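These protein sequence lines are chains A and B, in that order.
According to the working numbering, the first sequence is numbered sequentially starting from 231.
According to the working numbering, the second sequence is numbered sequentially starting from -16.
See below for the structure under consideration.
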Amino acid sequence: MSKATGRPFRLGLSALAAAAAIAAGAIGARADVSTEESGSILIFPKVLNDGTRDTIIQISNTGNTLVHAHCFYTDARPVNPNLPPGPTNPPLWQEVDFFIWLTRQQPTHWQVSKGRSVNPRDSLFAYDSGIDPGLVPPVGQGFVGELVCVEVGNDGLPVSGNKLKGEATLRSTAGGDVSKYSAIAIQGGPSAGATGRTLQLDNDQYNACPDVLLFQHFAADAISPVVGEPNNLGPCVGNNCEIHTELTLVPCSRDYENRIPGRPIVGFEIFNEFEQKISGPPRTVDCWFNEDLRSSGFNGAFSTATLGTLTAYTRIQPVGNNGGVLGIAEETHTDSNNFAARAAFNLKIEGSRGVVDQIVLTGE
Amino acid sequence: MRTTKGIPWRMGRWGLVAGAVLVLEAGGAWAATGTCTNPDDCKIGSDRAASIVVFPKIVVDTSNGIDTVVQLANVSERRTIDVLCFYIDGVDCSPRNFPLRLTKRQPISWKASEGLPFLPCDPVALQQDPNRVCQRDDQGNLIFNSGSVPPVEDDPFTGELKCFQVDEEGNPVDFNELIGEATIIHTNFSGLDARKYNAIGIQGIPGRQNSDKVLCLGGDATADCPTGAEYAGCPQTLVMDHYFDSAPATTSDGPVVSDLTLVPCAEELETGTEPIPQLTTVQLLVFNEFEQRFSTSFRTGCFDERRLSDIDTREGDADDSYSIFNFAVQGTVTGQTRIRAVGTPTEARGLLGLLEETHVCGTGPGDQCTDAINLHHQGRRPVPDIIRLP
Chain A
231 MSKATGRPFR
241 LGLSALAAAA
251 AIAAGAIGAR
261 ADVSTEESGS
271 ILIFPKVLND
281 GTRDTIIQIS
291 NTGNTLVHAH
301 CFYTDARPVN
311 PNLPPGPTNP
321 PLWQEVDFFI
331 WLTRQQPTHW
341 QVSKGRSVNP
351 RDSLFAYDSG
361 IDPGLVPPVG
371 QGFVGELVCV
381 EVGNDGLPVS
391 GNKLKGEATL
401 RSTAGGDVSK
411 YSAIAIQGGP
421 SAGATGRTLQ
431 LDNDQYNACP
441 DVLLFQHFAA
451 DAISPVVGEP
461 NNLGPCVGNN
471 CEIHTELTLV
481 PCSRDYENRI
491 PGRPIVGFEI
501 FNEFEQKISG
511 PPRTVDCWFN
521 EDLRSSGFNG
531 AFSTATLGTL
541 TAYTRIQPVG
551 NNGGVLGIAE
561 ETHTDSNNFA
571 ARAAFNLKIE
581 GSRGVVDQIV
591 LTGE
Chain B
-16 MRTTKGIPWR
-6 MGRWGLVAGA
4 VLVLEAGGAW
14 AATGTCTNPD
24 DCKIGSDRAA
34 SIVVFPKIVV
44 DTSNGIDTVV
54 QLANVSERRT
64 IDVLCFYIDG
74 VDCSPRNFPL
84 RLTKRQPISW
94 KASEGLPFLP
104 CDPVALQQDP
114 NRVCQRDDQG
124 NLIFNSGSVP
134 PVEDDPFTGE
144 LKCFQVDEEG
154 NPVDFNELIG
164 EATIIHTNFS
174 GLDARKYNAI
184 GIQGIPGRQN
194 SDKVLCLGGD
204 ATADCPTGAE
214 YAGCPQTLVM
224 DHYFDSAPAT
234 TSDGPVVSDL
244 TLVPCAEELE
254 TGTEPIPQLT
264 TVQLLVFNEF
274 EQRFSTSFRT
284 GCFDERRLSD
294 IDTREGDADD
304 SYSIFNFAVQ
314 GTVTGQTRIR
324 AVGTPTEARG
334 LLGLLEETHV
344 CGTGPGDQCT
354 DAINLHHQGR
364 RPVPDIIRLP
């Protein structure tokens, strides 16, 4: 009898314990990518040397031991530079990798059009003075794409040190206008590197990608509320001083070993200031997505005519199982003297994806 | 015997049911807040929705063409939320509060110089403009905004904006449904400049709020915080990558200088209380690209903005070339600085901040172009920072 009654009792307790463990696991497993904490994978979604702008990369080791990182530039220019990008003219998706080493707490920087050479005789007060982090190749004129750096050990295999942080400054080569954003950091967990150069973004090896990106922005062709009337702050003849916003998205998954870029599809839910919901057309992030909200691909979903308000709030969510996305946005404010001022900012995140994204590094 | 046999079986079934409820609630709470469910997950950061949002720097100086556009949104898909905001003057530390009600998933924006007399779905605004179409609830009743945003009290104004998610009675809540951005625009007839940053969110820890007006950010239970932390704790260290002042932006461009803005996590916002700026010592460790380490310190109050080279030298340009934040001293273009507020055994004195860079350019007012960047965070303060609401 005691067996007969004890077994179900234990079963009941076990069920409760198991369920509690699952619940605790569901809570404990949660982790986010971050733009304000150091991580083991850094993603700079927008890196340009397109003739009008150059990019300055800053990366720091926030720890007290030496850090190695395996970095990848991805060239996302269209295959045929003479034709507009599209399904028949996809991005080149040409990766170039290099390694950097940073001593404890060491910051470093480079201008992507120049790269950074290893020259122990760099003089003080020169642009490259400091401990060179390794040979950083320059990117070619016209480059548009992204930079990814993964923390690795001496053997080149991924490790979870969570010591890397970074920023990118996009600087106009003509006027000198600047905009800046933080690199997106993906933190590693205790089992990072368990599958070698295949990195699982599964909240175990590394943080999972966000479920939703939160994007608060001006309408695509919003008139600046500051330039011109009513305070006559700056010139705005014809009340046409618009604010334009460019959205940059990159896939969380990519396979550098087999040259397979990520191709997630994302949907857009846009809410105006009257809380009205407008759905934007789903878009494919074919390795690198960089479009003005006025782009025809959005079917006018972000326009002032559609939204009817100065600002809006958009939820960007991956559709299906093609992988997650990360991104930044950049605003351009204009006046009628043809001055333009850009300001970049990071998108916010919500939740974490149940589907595992995967980054495959190149081998030896 | 059936009874004794039945109880364990029922317990087993109840165990399963309770477990299932636990799992669902875990997920449900996560879905409801969209952000965090337990103290370790709740964070301070500008990249996530939160119950408190901090805009460290709001600037208005219309005579010089400077204004700030503030954007604030309710990310909740389920509920209308109440918000209590405070402008805090950076000169005399005086707070000015204003309440708002945002409908679900509603973004709003305003110029700090003008405020917002009516929110988009305010009943009066809807009467004046029949073209405004706002949402209705399940019963077909219009969902209204309430409240308004006043302009900042002074012009020029430099200070901070803090907004708190509260319930209808004004008590703080932990739903983590606010996000925000600020764009500082400088425009005149000689150029145009804009810089933008994300408001810093302080996430509430679900289930920890005790409905009083004393908000406890991090730490263990104390006399002021009997239930322990109600919100994520402030960072132990702020980390910033920066150009050393006067370093060249690129191989062919002019020098860059940077300004650091710091505001305290703790705040005394109680009505009738004379705000007393709490002076906090800030310790800074500076590393250049040779991994050489330097340190300095200064004291800060309710709002502090200063040029990096003025942290360890007299204010103004005269001594800048002797600063450890200057290219002339460090010899390398960039550095990493770790910022740590010195607390006491009972006061965390945590800080939040923002870095702004000014580059020489040909398109900005006064040939200056700026950008703004949020600081990175490391660790948490061991004792609470306390915010007292009215």
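Glycine included, C-beta positions come from ideal geometry on N, C-alpha and C.
Predicted, not measured: the structure shown is a model, and the values here were computed from it.
Residue(s) in a DSSP beta bridge with Y486 (chain A) | According to DSSP, which records beta bridges pairwise, Y486 (chain A) is partnered with nothing at all.
Taking just the CA atoms, how far does P311 (chain A) sit from T318 (chain A)?
-> 12 Å
May I ask which residues mark the beginning and end of the alpha helix (DSSP H) holding A108 (chain B)?
-> 106 to 111
How about S34 (chain B): is its C-beta nearer than 8 Å to some C-beta of chain A?
-> no
Neighbour list for G318 (chain B) in chain A, Cβ cutoff strictly below 7 Å | P337
Short check: CB of S483 (chain A) to CB of Q324 (chain A), under 8 Å?
-> no
Applying the criterion that 16 or more other CB atoms from any shown protein chain within 10 Å of the CB defines a buried residue, is R290 (chain B) buried or exposed?
-> buried
CB contact below 8 Å: Y543 (chain A) versus chain B = yes
Of the listed residues B:D302, B:K40, B:D44, nearest to T244 (chain B) (C-alpha basis) | B:K40
Grouping DSSP H, G and I as helix and E and B as strand, with all else coil, what is S412 (chain A)?
-> strand
Can you list the residues of chain A that F172 (chain B) reaches, using a CB-CB cut of under 8 Å?
-> G464, P465, N567
Inter-stretch contact at 8 Å, needing at least 3 Cβ pairs: the segment 163 to 173 of chain B / the segment 35 to 51 of chain B = yes
Kindly indicate the opening and closing residues of the alpha helix (DSSP H) around L537 (chain A).
-> 534 to 537
How many angstroms separate the CA atom of F501 (chain A) from the CA atom of P90 (chain B)?
-> 7 Å
So does the segment 294 to 312 of chain A actually touch the segment 501 to 518 of chain A, counting three or more Cβ pairs closer than 8 Å?
-> yes
Unbroken alpha helix (DSSP H) run spanning A311 (chain B), endpoints | 310 to 313
Beta strand (DSSP E) segment containing T346 (chain B), residue limits | No beta strand (DSSP E) contains T346 (chain B), which DSSP labels as neither H nor E.
Helix, strand or coil for Y357 (chain A), going by three-state DSSP, please let me know.
-> coil
What three-state label does DSSP hand L365 (chain A) in the structure shown?
-> coil
Proximal residues of chain A, C-beta to C-beta of T37 (chain B) below 9 Å | The question names Thr, but residue 37 (chain B) in the sequence shown is Val. Going along chain A, no residue has its Cβ under 9 Å from V37 (chain B), so there is no contact; the nearest lies around 13 Å.
For L221 (chain B), I'd like the list of residues in its chain whose CB is within less than 6 Å of its CB, leaving aside the five on either flank, ordered along the chain.
-> I322, G336, L358
CB contact below 8 Å: R401 (chain A) versus chain E | Absent here is chain E; the protein component of the structure consists of chains A and B.
Which residue comes first and which comes last in the beta strand (DSSP E) that contains D72 (chain B)?
-> 64 to 72
What residues in the segment 515 to 541 of chain A bring their beta carbon closer than 9 Å to a beta carbon of chain B?
-> G538, T539, L540, T541
Tell me V222 (chain B)'s beta-bridge partners as DSSP assigns them.
-> B:R321, B:H359
Nearest neighbour of N159 (chain B), chosen from B:Y214, B:R364, B:V42 [CA to CA] | B:Y214
Using a C-beta to C-beta distance shorter than 8 Å, which residues of chain B count as neighbours of F575 (chain A)?
-> E164, K179, Y180, N181
Assuming V43 (chain B) contacts V135 (chain B) under a Cβ cut-off of 8 Å, what Cβ separation, rounded to an integer in Å, is found between them?
-> 5 Å
Own chain residues within Cβ distance below 7 Å of G593 (chain A), not counting five before or after | R427, E487
Excluding five sequence neighbours on each side, which residues of the same chain lie with their C-beta closer than 6 Å to the C-beta of S96 (chain B)?
-> V43, T45, D50, P134
What first and last residue would you give for the beta strand (DSSP E) that runs through C439 (chain A)?
-> No beta strand (DSSP E) holds C439 (chain A); DSSP gives it neither H nor E.
On the DSSP bridge assignment, give the partners of P308 (chain A) in chain order.
-> A:P321
Short Cβ contact (8 Å threshold) for P494 (chain A) with S582 (chain A) = no
Secondary structure of S241 (chain B), DSSP reduced to three states | strand
Can you tell me whether DSSP reads I589 (chain A) as helix, strand or coil?
-> strand
How about G370 (chain A): is its C-beta nearer than 8 Å to some C-beta of chain B?
-> no
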